[in-house]
């Protein structure tokens with residue numbers, strides 16, 4: 733019974749970690765996308 737409890741704790745810890753990792757990678761992707769668009773627009777403005 734003790735093993736099942738440890739396994740359950742490990743599983744919930746893994747789920748928590750994976751959800752944090754997903755939100756962090758989504759945030760980085762969004763940050764990169766916004767910066768890329770801003771950089772691209774400012775480059776176009778400077779060129780014209």
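In my numbering, the protein residues as written are 733 to 780.
Beta carbons: idealized from backbone N, C-alpha and C, even for Gly.
Predicted model, so just to flag it, every value in this text is computed and none were measured.
If we ignore side chains and look at the alpha-carbon of each, how far apart do residue i and residue j end up?
i: residue 756; j: residue 774; result: 27 Å
i: residue 747; j: residue 758; result: 16 Å
i: residue 778; j: residue 766; result: 18 Å
i: residue 786; j: residue 745; result: Any answer about residue 786 is impossible in this case: the structure gives the chain only from 733 up to 780.
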